[in-house]
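Asker: Under the numbering used here, the residues of the sequence shown are numbered 710 to 986, in order.
Dropping the structure in here first, questions after.
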Amino acid sequence: MKTALKPRWIAALVLALVVSTVFVLLSQWQFSASQNESPPPPGQTETVQPLIEVFEPGTPMHMSQADQMVSLDGRFRPADQVLVQTRLQDGEEGYWVVTAFTVDGAPEQNGEEVLIPVVRGWVADPADATTAPEGQASVVGRLLPTEAPVPGQTPPGEVSTLSVAELINVWNAPAYPGFVVGTDFTVAGEDLGTATAGTAMEPVVVDPQPQETPVNWMNIFYAVEWVVFAGFAIFLWWRLVADDYRRTLEDEEFAAEEARYLAGLQGGTDKNNEVSK
């Protein structure tokens, strides 16, 4: 106890506690980061809301916005259409038919109207993709975040992923950083439903996200590491104090032995002096 109360070890303890506190705070931060943002409840996502009230162009999409059923008014741009490769429908690989849609009421970007890609349907054969209808249109569908681009060559009119960053360069116009999977279409006042009747296209159905909160195990691993570091800082202080205490005992024992040795020498000298007398 006396060793631990030495000024230098008290100062070292304060430093160890500060370091441990920092490590614990870092651990708490990592634990918090391991819990990804939960998806919104189905009661919220399945209630159709206007796109222009839910999401703004030029801003990243949050988890609370993704998966939302939205409505949007505007018009298709039939010339700006692509086919997205490797899309499964009932176990069969095919293509999504995606057409640019000009959104009425969306804030302009650099003086230009803003587009959003709309998935109009799925086809097994690219030749079966139909052209988007012209005229004023209303679309209801599920809002989803953009996909990441994948490098590589694709045939003209096809893309490997539904990457808005890639489509902006193809369509040469600003766009929302997301897309809508259309479920109901109204064009020129006519309700077309899924707009696939009489065509080889099939409607694309995207279900709501699962409700469980995803866990990032890498962040949990880092959090445990910080806890270990916090404990090690205190252990290191205790080990240094214990070593100092042992050295003190050894020094005291050595001093005692030296004193006994010197006392023995002194005793022998005194006896010799008495004999000589």
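Every residue gets a Cβ at the ideal spot worked out from N, C-alpha and C, and that includes glycine.
#1: Could you work out which residue in 861, 945 and 735 is closest to residue 928 when comparing CA atoms only?
#2: Out of 841, 732 and 766, state which residue places its alpha-carbon closest to the alpha-carbon of residue 903.
#3: When you compare only the Cα positions, how much space is there between residue 915 and residue 939?
#4: Report buried or exposed for residue 891, applying the criterion of at least 16 other Cβ atoms within 10 angstroms of its Cβ.
#5: Residue 786 bridges to which residues according to DSSP?
#6: Could you compute how far the alpha carbon of residue 792 sits from the alpha carbon of residue 805?
#7: For residue 831, does the count of other Cβ atoms within 10 angstroms reach 16, so buried, or fall short, so exposed?
#8: Taking DSSP's pairing of strands, which residues face residue 758 in a bridge?
#9: Output yes or no for whether 9 Å exceeds the beta carbon distance between residue 824 and residue 774.
#10: By a C-beta neighbour count over all protein chains shown, 10 Å radius and 16 as the cutoff for buried, is residue 790 buried or exposed?
#11: Give me, in chain order, the residues of the same chain whose beta-carbon lies closer than 8 Å to that of residue 846; leave out the 5 immediate sequence neighbours on both sides.
#12: Please classify residue 717 as buried or exposed, where buried requires at least 16 other C-beta atoms within 10 Å of its C-beta.
#13: Return the CA-CA distance between residue 876 and residue 826, expressed in angstroms with no decimal places.
#14: How long is the line joining the alpha carbons of residue 952 and residue 737, rounded to whole angstroms?
#15: So if DSSP puts residue 847 in a beta bridge, which residue, or which two residues, is it bridged to?
Answerer: Reading from the atomic positions:
#1: Sequence index remark: in the sequence shown, residue 928 carries index 219 (1-based). For residue 928, the nearest C-alpha among the options comes from 735.
#2: Start at 1 with the first residue of the sequence shown, and residue 903 comes out as number 194. Here the closest residue by C-alpha is 841.
#3: Here residue 915 refers to the residue found at position 206 of the sequence shown. Here residue 939 refers to the residue found at position 230 of the sequence shown. Each residue's alpha carbon lies about 46 Å from the other.
#4: Residue mapping note: residue 891 aligns to position 182 of the sequence shown, counting from 1. Looking at its Cβ environment, which holds 16 or more other Cβ atoms inside 10 Å, residue 891 is buried.
#5: Looking up residue 786 in the sequence shown gives position 77. DSSP, once it has assigned bridges, lists 809 as partnering residue 786.
#6: What you label residue 792 is simply residue 83 of the sequence shown in a count that begins at 1. What you label residue 805 is simply residue 96 of the sequence shown in a count that begins at 1. Each residue's Cα considered, the two are about 5 Å apart.
#7: The residue labelled residue 831 in the question sits at position 122 within the sequence shown. Residue 831 is buried by the Cβ-count criterion.
#8: By 1-based counting over the sequence shown, the position of residue 758 is 49. Beta-bridge pairing links residue 758 to 779.
#9: Taking the sequence shown and counting its residues from 1, one reaches residue 824 at position 115. Taking the sequence shown and counting its residues from 1, one reaches residue 774 at position 65. Result no, Cβ atoms of residue 824 and residue 774 do not sit closer than 9 Å.
#10: Within the sequence shown, numbered from 1, the residue matching residue 790 stands at position 81. Counting Cβ neighbours within 10 Å, residue 790 comes out buried, since at least 16 surround it.
#11: As a working mapping, residue 846 is identified with position 137 in the sequence shown. The residues are 782, 783, 784, 785, 810, 894, 895, 896 and 897.
#12: Indexing the sequence shown from 1 puts residue 717 at position 8. The residue in question, residue 717, is exposed, as its Cβ has fewer than 16 Cβ neighbours within 10 Å.
#13: For the purposes of this step, residue 876 is taken as residue 167 along the sequence shown, with counting starting at 1. For the purposes of this step, residue 826 is taken as residue 117 along the sequence shown, with counting starting at 1. In this structure, the straight-line span from the alpha carbon of residue 876 to that of residue 826 is close to 8 Å.
#14: Position 243 of the sequence shown, counting from 1, holds the residue named residue 952. Position 28 of the sequence shown, counting from 1, holds the residue named residue 737. Distance between the alpha carbons of residue 952 and residue 737 is about 32 Å.
#15: For this step, residue 847 is matched to residue 138 along the sequence shown. Beta-bridge annotation (DSSP): residue 847 is paired with 782 and 895.
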